[in-house]
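J.:
Residue numbers (the working numbering): 357 to 596.
1) With DSSP collapsed to three states, give me the class of residue 331.
2) Helix, strand or coil for residue 442? Go by DSSP, reduced to three states.
3) Using three-state DSSP, classify residue 499 as helix, strand or coil.
4) In the DSSP output, what is residue 451 paired with across the bridge?
5) For residue 416, which residues in the same chain have their Cβ closer than 6 Å to its Cβ, ignoring the five residues on either side in sequence?
6) Go ahead and pull the three-state DSSP assignment for residue 437.
7) Need the endpoints of the beta strand (DSSP E) that residue 533 sits in, please.
8) Between 370, 408, 412, which lies nearest to residue 389 when the distance is taken from Cα to Cα?
9) With a CB to CB cut of under 8 Å and the five nearest residues on each side skipped, what residues in its chain are close to residue 546?
10) When you compare only the Cα positions, how much space is there between residue 519 and residue 491?
11) Report buried or exposed for residue 448, applying the criterion of at least 16 other Cβ atoms within 10 angstroms of its Cβ.
12) Does the pairing of the segment 373 to 384 with the segment 393 to 400 give three or more beta-carbon distances under 8 Å?
13) Go through its chain and collect everything with a Cβ distance to residue 560's Cβ below 8 Å, but skip five positions before and after it.
14) Between which two residues does the beta strand (DSSP E) holding residue 472 run?
15) So what does residue 515 bridge to, in DSSP terms?
16) Am I right that residue 312 and residue 362 are in contact with their C-beta atoms under 8 Å? What's the rounded C-beta distance?
17) What span of residues does the beta strand (DSSP E) with residue 394 cover, start to end?
18) Buried or exposed: residue 552, going by 16 or more other Cβ atoms within 10 Å of its Cβ?
19) Leaving aside the five residues before and after residue 479 along the sequence, list all residues of the same chain whose C-beta is less than 7 Å from its C-beta, in chain order.
20) Run through the DSSP bridge pairs and tell me what residue 360 is partnered with.
21) Could you check the C-alpha separation between residue 385 and residue 400 for me, to the nearest Å?
22) Sort 524, 464, 488 by Cα distance to residue 507 and report the nearest one.
23) In this structure, does DSSP put residue 381 in helix, strand or coil?
24) When you compare only the Cα positions, how much space is there between residue 512 and residue 499?
25) Taking C-beta to C-beta, are residue 582 and residue 570 nearer than 7 Å?
26) Would you say residue 482 and residue 462 are within 7 Å of each other, going by their C-beta atoms?
Take a look at the structure:
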(Lines of atoms letter the chains of each structure in order from A and count residues from 1; the text may use other names and numbers.)
(Lines give C-alpha, C1' and ligand atoms only; values in the text may rest on other atoms or scores of the structure.)
Protein backbone atom coordinates (compact mmCIF):
# COMPACT_ATOMS: atom_id res chain seq x y z
CA UNK A 1 0.00 0.00 0.00
CA UNK A 2 1.09 3.55 -0.64
CA UNK A 3 -0.21 7.00 -1.39
CA UNK A 4 0.97 9.62 -3.82
CA UNK A 5 0.89 13.39 -3.72
CA UNK A 6 -1.90 14.54 -6.05
CA UNK A 7 -2.59 18.16 -5.16
CA UNK A 8 -1.81 21.17 -3.01
CA UNK A 9 -4.80 22.62 -1.18
CA UNK A 10 -4.79 26.38 -0.58
CA UNK A 11 -7.34 28.32 1.46
CA UNK A 12 -8.53 31.54 -0.20
CA UNK A 13 -10.79 34.46 0.65
CA UNK A 14 -11.89 34.53 -3.01
CA UNK A 15 -11.12 31.17 -4.57
CA UNK A 16 -12.30 32.21 -8.04
CA UNK A 17 -10.17 35.36 -8.19
CA UNK A 18 -7.12 33.64 -6.74
CA UNK A 19 -7.73 30.74 -9.10
CA UNK A 20 -7.58 33.11 -12.07
CA UNK A 21 -4.23 34.43 -10.86
CA UNK A 22 -2.73 30.95 -10.48
CA UNK A 23 -4.22 29.72 -13.75
CA UNK A 24 -2.55 32.61 -15.56
CA UNK A 25 0.67 32.04 -13.61
CA UNK A 26 0.92 28.33 -14.38
CA UNK A 27 -0.80 28.31 -17.77
CA UNK A 28 -3.27 25.74 -16.44
CA UNK A 29 -6.97 25.13 -16.99
CA UNK A 30 -9.44 26.34 -14.37
CA UNK A 31 -12.62 24.57 -13.28
CA UNK A 32 -14.87 24.22 -10.25
CA UNK A 33 -16.36 21.15 -8.58
CA UNK A 34 -18.80 23.32 -6.60
CA UNK A 35 -19.29 26.66 -4.86
CA UNK A 36 -16.21 27.82 -2.99
CA UNK A 37 -13.83 25.42 -4.73
CA UNK A 38 -11.60 26.21 -7.72
CA UNK A 39 -9.49 23.48 -9.32
CA UNK A 40 -6.42 23.98 -11.47
CA UNK A 41 -4.63 21.41 -13.61
CA UNK A 42 -2.67 21.39 -16.88
CA UNK A 43 -4.60 21.48 -20.15
CA UNK A 44 -5.41 17.92 -21.23
CA UNK A 45 -4.29 16.47 -17.90
CA UNK A 46 -5.70 13.07 -16.91
CA UNK A 47 -6.01 13.08 -13.11
CA UNK A 48 -4.16 11.74 -11.23
CA UNK A 49 -0.79 11.64 -12.95
CA UNK A 50 2.60 12.29 -11.28
CA UNK A 51 3.58 14.54 -14.18
CA UNK A 52 1.81 17.33 -12.25
CA UNK A 53 0.64 18.14 -8.73
CA UNK A 54 -2.67 19.97 -9.10
CA UNK A 55 -3.85 23.00 -7.15
CA UNK A 56 -7.17 23.22 -5.28
CA UNK A 57 -8.32 26.57 -3.90
CA UNK A 58 -10.98 26.39 -1.20
CA UNK A 59 -12.87 29.40 0.13
CA UNK A 60 -12.19 30.21 3.79
CA UNK A 61 -12.96 33.34 5.85
CA UNK A 62 -9.99 32.78 8.14
CA UNK A 63 -7.34 35.53 7.83
CA UNK A 64 -3.74 34.81 6.89
CA UNK A 65 -1.68 35.78 9.94
CA UNK A 66 1.73 34.11 9.52
CA UNK A 67 4.08 32.97 6.78
CA UNK A 68 2.79 29.80 5.15
CA UNK A 69 4.70 26.64 6.04
CA UNK A 70 4.00 25.21 2.57
CA UNK A 71 4.78 27.12 -0.61
CA UNK A 72 5.45 26.62 -4.31
CA UNK A 73 8.72 27.18 -6.17
CA UNK A 74 8.14 28.11 -9.80
CA UNK A 75 10.43 26.77 -12.50
CA UNK A 76 12.42 28.87 -14.95
CA UNK A 77 14.78 27.90 -17.73
CA UNK A 78 17.18 30.86 -17.68
CA UNK A 79 17.97 34.16 -15.96
CA UNK A 80 16.07 35.97 -18.68
CA UNK A 81 13.06 33.71 -18.15
CA UNK A 82 13.19 34.37 -14.40
CA UNK A 83 13.18 38.15 -14.94
CA UNK A 84 10.37 37.92 -17.49
CA UNK A 85 8.26 35.71 -15.21
CA UNK A 86 8.72 38.00 -12.20
CA UNK A 87 7.64 41.01 -14.26
CA UNK A 88 4.64 39.15 -15.70
CA UNK A 89 3.50 38.01 -12.26
CA UNK A 90 3.72 41.55 -10.92
CA UNK A 91 1.43 42.54 -13.77
CA UNK A 92 -1.01 39.85 -12.63
CA UNK A 93 -1.08 41.22 -9.07
CA UNK A 94 1.81 39.47 -7.30
CA UNK A 95 4.20 41.48 -5.14
CA UNK A 96 7.80 41.10 -4.06
CA UNK A 97 8.04 39.68 -0.53
CA UNK A 98 10.60 39.74 2.25
CA UNK A 99 10.53 36.67 4.50
CA UNK A 100 14.05 37.24 5.80
CA UNK A 101 15.66 35.52 2.84
CA UNK A 102 18.52 38.01 2.54
CA UNK A 103 20.60 38.13 -0.63
CA UNK A 104 19.50 35.05 -2.58
CA UNK A 105 19.42 34.33 -6.32
CA UNK A 106 15.76 33.37 -6.38
CA UNK A 107 12.92 35.86 -6.10
CA UNK A 108 10.43 35.64 -3.25
CA UNK A 109 6.95 36.86 -4.10
CA UNK A 110 3.40 36.78 -2.73
CA UNK A 111 0.19 36.16 -4.65
CA UNK A 112 -2.73 38.63 -4.41
CA UNK A 113 -3.83 37.09 -1.09
CA UNK A 114 -0.33 37.15 0.40
CA UNK A 115 0.64 33.51 -0.10
CA UNK A 116 4.41 33.32 -0.48
CA UNK A 117 6.07 31.58 -3.42
CA UNK A 118 9.48 31.64 -5.09
CA UNK A 119 10.58 32.11 -8.67
CA UNK A 120 13.73 30.03 -8.99
CA UNK A 121 16.89 31.16 -10.74
CA UNK A 122 18.21 27.74 -11.75
CA UNK A 123 17.40 25.55 -14.72
CA UNK A 124 14.16 23.62 -14.35
CA UNK A 125 12.81 22.50 -17.69
CA UNK A 126 11.53 19.02 -16.84
CA UNK A 127 9.14 19.55 -13.92
CA UNK A 128 6.39 21.65 -15.41
CA UNK A 129 5.73 25.17 -14.10
CA UNK A 130 5.91 24.05 -10.46
CA UNK A 131 9.49 22.99 -9.76
CA UNK A 132 9.09 22.18 -6.08
CA UNK A 133 6.50 22.00 -3.33
CA UNK A 134 8.34 23.19 -0.20
CA UNK A 135 7.40 22.38 3.40
CA UNK A 136 9.06 24.16 6.33
CA UNK A 137 10.07 21.79 9.10
CA UNK A 138 12.24 21.25 12.17
CA UNK A 139 13.77 17.90 11.19
CA UNK A 140 14.13 17.24 7.44
CA UNK A 141 15.53 13.76 8.01
CA UNK A 142 12.56 12.67 10.11
CA UNK A 143 10.15 14.21 7.64
CA UNK A 144 11.85 12.37 4.76
CA UNK A 145 11.48 9.09 6.65
CA UNK A 146 7.78 9.64 7.31
CA UNK A 147 6.81 10.93 3.88
CA UNK A 148 9.07 8.45 2.10
CA UNK A 149 7.12 5.64 3.77
CA UNK A 150 3.75 7.38 3.57
CA UNK A 151 4.03 7.79 -0.20
CA UNK A 152 5.75 5.93 -3.00
CA UNK A 153 7.91 8.99 -3.63
CA UNK A 154 11.65 8.43 -3.48
CA UNK A 155 14.07 10.40 -1.23
CA UNK A 156 16.82 11.82 -3.45
CA UNK A 157 18.71 14.04 -0.98
CA UNK A 158 18.51 13.94 2.81
CA UNK A 159 20.63 16.25 4.98
CA UNK A 160 20.25 18.15 8.23
CA UNK A 161 19.26 21.22 6.19
CA UNK A 162 16.81 19.80 3.67
CA UNK A 163 15.36 16.66 2.15
CA UNK A 164 14.13 16.24 -1.42
CA UNK A 165 11.70 13.58 -2.68
CA UNK A 166 10.48 12.84 -6.20
CA UNK A 167 7.73 10.66 -7.58
CA UNK A 168 8.58 7.02 -8.21
CA UNK A 169 7.92 7.69 -11.90
CA UNK A 170 10.70 10.30 -11.94
CA UNK A 171 8.46 13.03 -13.37
CA UNK A 172 6.76 16.17 -12.15
CA UNK A 173 7.70 18.55 -9.34
CA UNK A 174 9.89 17.74 -6.36
CA UNK A 175 8.82 17.76 -2.71
CA UNK A 176 11.30 19.47 -0.39
CA UNK A 177 11.39 19.63 3.40
CA UNK A 178 13.39 22.67 4.45
CA UNK A 179 14.73 23.27 7.96
CA UNK A 180 13.44 26.50 9.48
CA UNK A 181 13.57 28.00 12.99
CA UNK A 182 9.94 29.10 12.73
CA UNK A 183 7.45 27.33 14.98
CA UNK A 184 4.09 26.11 13.66
CA UNK A 185 1.40 28.12 15.46
CA UNK A 186 -1.76 27.95 13.34
CA UNK A 187 -3.62 25.62 10.99
CA UNK A 188 -1.76 25.56 7.67
CA UNK A 189 -3.55 27.58 4.98
CA UNK A 190 -1.69 25.48 2.40
CA UNK A 191 -1.47 21.71 2.79
CA UNK A 192 -0.82 18.49 0.89
CA UNK A 193 -3.50 16.09 -0.36
CA UNK A 194 -2.53 12.46 -0.96
CA UNK A 195 -4.50 9.65 -2.56
CA UNK A 196 -4.17 5.84 -2.34
CA UNK A 197 -4.13 3.74 -5.49
CA UNK A 198 -7.32 2.23 -6.96
CA UNK A 199 -8.45 -0.82 -5.03
CA UNK A 200 -6.62 0.07 -1.82
CA UNK A 201 -8.57 0.09 1.44
CA UNK A 202 -8.76 3.71 2.69
CA UNK A 203 -9.26 2.67 6.32
CA UNK A 204 -6.25 0.36 6.18
CA UNK A 205 -4.23 3.14 4.55
CA UNK A 206 -5.23 5.58 7.28
CA UNK A 207 -4.21 3.03 9.93
CA UNK A 208 -0.85 2.55 8.19
CA UNK A 209 -0.19 6.30 8.21
CA UNK A 210 -1.11 6.50 11.89
CA UNK A 211 1.32 3.67 12.63
CA UNK A 212 4.05 5.62 10.81
CA UNK A 213 3.57 8.60 13.13
CA UNK A 214 0.64 10.59 11.75
CA UNK A 215 -2.13 11.78 14.06
CA UNK A 216 -5.86 11.91 13.36
CA UNK A 217 -7.80 15.18 13.17
CA UNK A 218 -11.54 14.87 13.67
CA UNK A 219 -13.46 16.94 11.13
CA UNK A 220 -16.89 16.38 9.63
CA UNK A 221 -15.72 15.86 6.05
CA UNK A 222 -15.99 12.84 3.71
CA UNK A 223 -12.21 12.35 3.55
CA UNK A 224 -9.64 11.62 6.27
CA UNK A 225 -7.71 14.51 7.81
CA UNK A 226 -4.37 13.72 9.41
CA UNK A 227 -1.26 15.55 10.57
CA UNK A 228 2.33 14.48 9.95
CA UNK A 229 4.79 14.09 12.86
CA UNK A 230 5.44 17.86 12.91
CA UNK A 231 1.75 18.71 12.97
CA UNK A 232 1.32 19.67 9.31
CA UNK A 233 -2.22 18.84 8.31
CA UNK A 234 -2.82 16.76 5.19
CA UNK A 235 -5.81 15.03 3.64
CA UNK A 236 -6.10 11.38 2.66
CA UNK A 237 -8.53 11.32 -0.24
CA UNK A 238 -10.48 8.34 -1.57
CA UNK A 239 -8.51 5.83 -3.66
CA UNK A 240 -8.42 6.63 -7.34
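Note that CB positions come from ideal geometry on N, CA and C, so glycine has one too.
T.: If we stick to the structure as given:
1) No answer is possible for residue 331: it lies beyond the span of the chain, which begins at 357 and ends at 596.
2) Taking the chain shown and counting its residues from 1, the one referred to as residue 442 is at position 86. Helix at residue 442.
3) Here residue 499 refers to the residue found at position 143 of the chain shown. In the structure shown, residue 499 sits in a helix (DSSP, three-state: H, G or I).
4) Counted from its first residue, the chain shown places residue 451 at position 95. DSSP, once it has assigned bridges, lists 466 as partnering residue 451.
5) Along the chain shown, one-based indexing puts residue 416 at 60. Same-chain partners within the cutoff: 367.
6) By one-based count along the chain shown, residue 437 stands at place 81. If DSSP states are grouped into helix, strand and coil, residue 437 belongs with the helices.
7) Numbered from its first residue, the chain shown carries residue 533 at position 177. Residues 530 to 535.
8) Sequence index remark: in the chain shown, residue 389 carries index 33 (1-based). For the residues 370, 408, 412, the minimum Cα distance to residue 389 belongs to 412.
9) In the chain shown, residue 546 corresponds to position 190, counting from 1. So the qualifying residues of the chain are 364, 365, 366, 367, 424, 425, 426, 427, 471.
10) Position 163 of the chain shown, counted from the start, is the residue given in the question as residue 519. Position 135 of the chain shown, counted from the start, is the residue given in the question as residue 491. Approximately 10 Å between the Cα atoms of the pair.
11) By one-based count along the chain shown, residue 448 stands at place 92. Exposed.
12) yes
13) Here residue 560 corresponds to residue number 204 of the chain shown, with the count starting at 1. Cβ within range, chain order: 357.
14) As a first step, residue 472 is located in the chain shown; it is residue number 116 there, counting from the start. It spans 472 to 479 - the beta strand (DSSP E) in which residue 472 sits, taken as one unbroken run.
15) Indexing the chain shown from 1 puts residue 515 at position 159. In DSSP, residue 515 forms no bridge with anything.
16) No statement about residue 312 is possible, as the shown extent of the chain runs from 357 to 596 and does not include it.
17) Here residue 394 is taken as the residue at index 38 of the chain shown, counted from 1. Element bounds for residue 394: 393 to 397.
18) As a position in the chain shown, residue 552 is number 196, starting the count at 1. Its Cβ being crowded by 16 or more others within 10 Å, residue 552 is buried.
19) Translated into the one-based positions of the chain shown, residue 479 becomes position 123. Cβ within range, chain order: 433.
20) In the chain shown, residue 360 corresponds to position 4, counting from 1. According to DSSP, residue 360 bridges with 551.
21) Here the question's residue 385 lines up with position 29 in the chain shown. Here the question's residue 400 lines up with position 44 in the chain shown. Rounded to whole angstroms, residue 385 to residue 400 spans 9 Å at the Cα level.
22) Counting from one through the chain shown, the residue named residue 507 turns up at place 151. Comparing Cα positions, the closest option is 524.
23) Position 25 of the chain shown holds residue 381. The answer is helix: DSSP assigns residue 381 an H, G or I state.
24) Residue mapping note: residue 512 aligns to position 156 of the chain shown, counting from 1. Residue mapping note: residue 499 aligns to position 143 of the chain shown, counting from 1. Their backbone Cα atoms lie some 13 Å apart in a straight line.
25) Against the chain shown, residue 582 aligns to sequence position 226. Against the chain shown, residue 570 aligns to sequence position 214. Against a cut-off of 7 Å, the Cβ pair of residue 570 and residue 582 comes out as a contact.
26) Within the chain shown, the letter at position 126 stands for residue 482. Within the chain shown, the letter at position 106 stands for residue 462. Not in contact: residue 482 and residue 462 (Cβ atoms no closer than 7 Å).
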